[in-house]
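S.K.: A single structure is presented below for examination.
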Amino acid sequence: MLNTPLSKILRTTSAHLKQLKEMGIFTVADLLMYFPRAYQDESEFRPVIEVSTEEVNIVKGVISNLNMKHVRSGMALIKALFTDQSASIEIIWFNRPYIMQQLKNGDEVILSGKVKFEGGRVFFASPKFEKVKTEQAQTGRIIPKYYQADIKDSKYKISSQWLRDKIQPILYMADLFEEYMPEEILNEEDMISLKEAIKQIHFPSNLEALEKAKERLGFDELFFLQLNALKKKRDWQMSWIDEARDTMKIDRELLERFLLNLPFKLTKAQVKSLHEVLEDLQKPYPMLRLIQGDVGSGKTIVAVIASLLTVLTDKNLKNYERPQVSIMVPTEILAKQHFKTFNKLLSPYDIRIELLVGSFTAKQKRSILENMKLGLSDVVIGTHALIQEGVDFRNLALAIIDEQHRFGVKQREYLAKFGNPHLLYLTATPIPRTLALTIYGDQDISVIDEMPPGRQEIITRIVPESKRLDAYNWMKEQVKKGRQVYIICPLIDESDKIEVKAVTEEYQRLQKEIFSELKLGLLHGKLLQAEKDMMMHKFLEKEIDILVSTSVIEVGIDIPNATIMLIEGAERFGLSQLHQFRGRVGRGEHQSYCFLFTNSSSPDNVKRLKAMVQHASGFDLSEIDLKLRGPGEVYGVKQSGIPDLKMASLSDGRLIMKARNQAEKMLKIDPSLSRYPNLKAKFDFFGSEREGYFA
Ligand code: ADP
Ligand code: MG
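Numbering-wise (my numbering), the sequence shown opens with residue 359 and increments by one.
The following block contains the structure:
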């Protein structure tokens, strides 16, 4: 039985059982579902005559002349002769007396190990061995490698070898697993059965069978993730069906007029995203949409238009209250920047725009809050101050969250209390589409994957230490020509305090020793918000030539005259973050540059930094980062909602799309899964196992 406790079926010690429990493995099913992390192909036998001292050799033959001697300090030395059709070779095992009980002359065995050439003799040095059986577990085939429990006492260790030894004899019990995946899906996707997949994942017959097993088990995980996300979205939308929710009607004529007056033409990608948003706004359930677009791709204008059309919706609402819009951004500087942009673009219209930030006096805040509550302000742009106690709206219809990646996930709940407004997230973290489908599976996603025309390319260079002074001198020239510079200090893992110290020292060094005739500014996370704002303001007003900063600079600032971005210790940052930094320049008419300073010559780092030189698109870079470092490294595992999958790789876009399509189909055919009880049971279990990831 699959739910038989392992204590009833395994011949092992209670110490081992205790450890298994700590690994969450109690029953036969648990053990069979403990999948290998990797494989080693030991299926090819080499004739003894061809053994090599360079590689691991796997040979199959017969043991003879087995004998044990004790050498100095009582250490056991076992020797034997090994013979196959091609030749014989000596085997020497050091300090493994128990082998005398395990082997005898005439045994047919498979050996796997290194061959040494010493003192004029060639011999196998302490090879791994296994007797020839109908099914090998330890060598002579593709062998599985498992994560091992990390304990000191090797005698009781749940080692990879131990697991192979215990799993193989019970593997036939995989036949007891009931198939839950509908036959249609298995046929359509040409996938093997669950039983077969579980057997093959542990002890594959060949590499092709292993691939099929991985595909099937990985598909299942992704399928359940997608099914869950899509089901959540569907349930959410359905829950509004009976509510007599006002639907908006977009004033198309107003939209046309606005676009005519805009000094530029929207890109195709902007138009597409905008239309997706406008469609959503007219639906009887709240929008939940994420717009992904590279830095500078023009997300703000989409937000501006959505705000305009929301506030001045066609006035056919049942209970007419003028709809309000809130726009939340992570920093005060950005709030002010947006405030300016919105005012400029919306000034011809009868719309009252308000700014709400933490640095306002209590009196100022009170009056704004009052206006929001009474419905006198139409668009409120602010920082976290927008979701503080005491904030209320008369009729919040649309909530926009800019630089969404800078916030947690809590605002959604928070905003729900204002009658579930339409939600629009904007993010400049260009996550590959397939990964986004997994992480943000319950949201709709629009992508702005096109830059406004005429955007200049930023020249990116990797600068070795030997070129540092040249670079400084060149920068001085540029500053004399009127340009401005950002210098980002490396990411230091330890603490804010150390980081602040490091950036302060660097700032002082640069000011004193390198750029003594220029004006430098310093920015880091320990400064008060007002101090940071002041510094950015000075930089904007050109009172400062060079801004030395920690990574706090990252978010959406627009300073067109800054044309040089110098990043120290560039190898310490992820590609997406480097790309964000680079996006701070190239915003004006002048040619801009990004210099990546590094001392590292490790091939991985070089590869990543070279990608920065070669690629200008954040989407391309995020794909590369994902491949080079894996999703956990790139996005941080738990906080970003990246699920911990056992089999599937989140960089496998092809399989993700398959899973997505099948999940969509399933929800269309049978949204309650009532026709597929096995699938439903497994799906519910999958969800309960991953509490939190499905939050
Ligand atoms: P982001 O997507 O990083 O938030 P912004 O919305 O700040 O980018 O846009 C960057 C700049 O590009 C702004 O100055 C904006 O006015 C300009 N812009 C946006 N869309 C277009 C367009 N279609 N054509 C030309 N310039 C545009
Ligand atoms: Mg922006």
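Each residue gets a CB set at the ideal place from its N, CA and C atoms; glycine is no exception.
Owing to the predicted nature of the structure, the values given are computational and were not obtained by experimental measurement.
What would DSSP say about ASN423, mapped onto helix, strand or coil?
M.R.: DSSP places ASN423 in strand when its eight states are reduced to three.
S.K.: Between GLN443 and chain C, is there a C-beta pair that is closer than 8 Å?
M.R.: Considering every chain present, this structure includes no chain C. It has just one protein chain.
S.K.: Please tell me whether, using a cut-off of 7 Å, the distance from the CB of ASP1010 to the nearest non-hydrogen atom of the ligand ADP is below it.
M.R.: False, no ligand heavy atom lies under 7 Å from that Cβ.
S.K.: So, does the region 855 to 868 touch the region 936 to 943, judging by three or more C-beta pairs under 8 Å?
M.R.: Taking 8 Å as the limit for Cβ pairs, the verdict is that the region 936 to 943 does not touch the region 855 to 868.
S.K.: Thinking C-beta only, is PRO681 closer than 8 Å to VAL669?
M.R.: Cβ atoms of VAL669 and PRO681: closer than 8 Å.
S.K.: From ASN453 to ASN361, what distance separates their C-alpha atoms?
M.R.: Each residue's alpha carbon lies about 40 Å from the other.
S.K.: Would you check whether the ligand MG has a heavy atom nearer than 7 Å to the C-beta of THR658?
M.R.: Yes.
S.K.: Which partner residues does HIS428 have in the DSSP bridge list?
M.R.: DSSP lists ALA434 as partners of HIS428.
S.K.: So, with DSSP's three-state summary, where would you put PRO363?
M.R.: Strand.
S.K.: Between the region 803 to 818 and the region 1025 to 1036, are three or more C-beta pairs nearer than 8 Å?
M.R.: With the cut-off at 8 Å, the region 803 to 818 and the region 1025 to 1036 do not touch.
S.K.: Does DSSP classify MET923 as helix, strand or coil?
M.R.: Strand at MET923.
S.K.: Take GLU815 and list the residues in its own chain whose beta-carbon comes closer than 7 Å to its own, dropping the five residues that flank it on each side.
M.R.: Same-chain partners within the cutoff: ALA974.
S.K.: Please return the same chain residues whose Cβ sits closer than 7 Å to the Cβ of TYR772, not counting the five positions on each side in sequence.
M.R.: So the list reads ILE745, once near-sequence residues are dropped.
S.K.: Considering Cα atoms alone, identify which of PHE535, ILE500, PRO540, PHE776 is closest to ARG522.
M.R.: Answer by Cα proximity: ILE500.
S.K.: Roughly how many angstroms separate the alpha carbons of TYR456 and GLU400, rounded to a whole number?
M.R.: If you take the alpha carbons of TYR456 and GLU400, they lie about 24 Å apart.
S.K.: With a CB to CB cut of under 8 Å and the five nearest residues on each side skipped, what residues in its chain are close to PRO642?
M.R.: Correct list, in chain order: TRP598, ILE599, GLU601, ARG603, THR605.
S.K.: Are there 16 or more other CB atoms within 10 angstroms of the CB of SER909, so buried, or fewer, so exposed?
M.R.: By the neighbour-count rule (16 or more Cβ atoms within 10 Å), SER909 is buried.
S.K.: In terms of residues, what are the limits of the beta strand (DSSP E) holding ALA483?
M.R.: First-last of the beta strand (DSSP E) with ALA483: 479 to 483.
S.K.: Run the proximity test for ASP760: is its beta-carbon closer than 7 Å to any non-hydrogen atom belonging to the ligand MG?
M.R.: Yes - the ligand MG has a heavy atom lying nearer than 7 Å to the Cβ of ASP760.
S.K.: When the Cα atoms are used, what is the spatial distance from LYS491 to THR497?
M.R.: The alpha-carbon atoms of LYS491 and THR497 are separated by roughly 11 Å.
S.K.: Are the beta-carbon atoms of GLN526 and ILE516 separated by less than 8 Å?
M.R.: Going by C-beta atoms, GLN526 is not nearer than 8 Å to ILE516.
S.K.: According to DSSP, CYS952 sits in a beta bridge with which residue or residues?
M.R.: Its beta-bridge partners are THR818, MET923.
S.K.: Among residues of its own chain, excluding the 5 on either side of TYR798, which ones have a beta-carbon nearer than 7 Å to its beta-carbon?
M.R.: Same-chain partners within the cutoff: LEU648.
S.K.: Is it the case that the Cβ atoms of ASN963 and GLU929 are separated by a distance below 8 Å?
M.R.: The answer is yes: Cβ separation under 8 Å.
S.K.: From the DSSP secondary-structure annotation, give me the bridge partner or partners of ASP312.
M.R.: Because the chain here runs from 359 to 1053, residue 312 falls outside it and cannot be looked at.
S.K.: How long is the line joining the alpha carbons of PHE1044 and VAL406, rounded to whole angstroms?
M.R.: Each residue's alpha carbon lies about 49 Å from the other.
S.K.: Is the beta carbon of SER517 within less than 7 Å of some heavy atom of the ligand SAH?
M.R.: Absence of the ligand SAH is noted for the structure shown, with the ligand ADP and the ligand MG being the only ligands found.
S.K.: Between the C-alpha atoms of THR333 and THR785, what's the straight-line distance to the nearest angstrom?
M.R.: Nothing can be reported for residue 333, as the shown portion of the chain is limited to 359 through 1053.
S.K.: Taking the alpha-carbon of ASP578 as reference, which of ASP593, LYS896, LEU544, GLU899 has the nearest alpha-carbon?
M.R.: That would be LEU544, whose Cα lies nearest to the Cα of ASP578.
S.K.: Would you mind stating whether LYS553 and ALA567 have Cβ atoms separated by less than 8 Å?
M.R.: Result no, Cβ atoms of LYS553 and ALA567 do not sit closer than 8 Å.
S.K.: Using the C-alpha atoms, what's the distance from LEU795 back to LEU984?
M.R.: Their Cα atoms are separated by approximately 15 Å.
S.K.: Would VAL409 pass as a contact of VAL473 if the rule is Cβ separation under 8 Å?
M.R.: Contact: yes.
S.K.: TYR783 bridges to which residues according to DSSP?
M.R.: Bridge partners of TYR783: LEU648, ILE759.
S.K.: When you compare only the Cα positions, how much space is there between PHE1061 and PRO848?
M.R.: A query on residue 1061 cannot be resolved here, the shown segment of the chain reaching from 359 to 1053 and no further.
S.K.: Take SER470 as the anchor and find which of GLY478, GLU488, MET458, ASN463 has the nearest alpha-carbon.
M.R.: Closest by alpha carbon: GLU488.
S.K.: Looking at the secondary structure, which residues open and close the beta strand (DSSP E) in which LEU886 lies?
M.R.: Premise fails: LEU886 is in no beta strand (DSSP E) and is neither H nor E.
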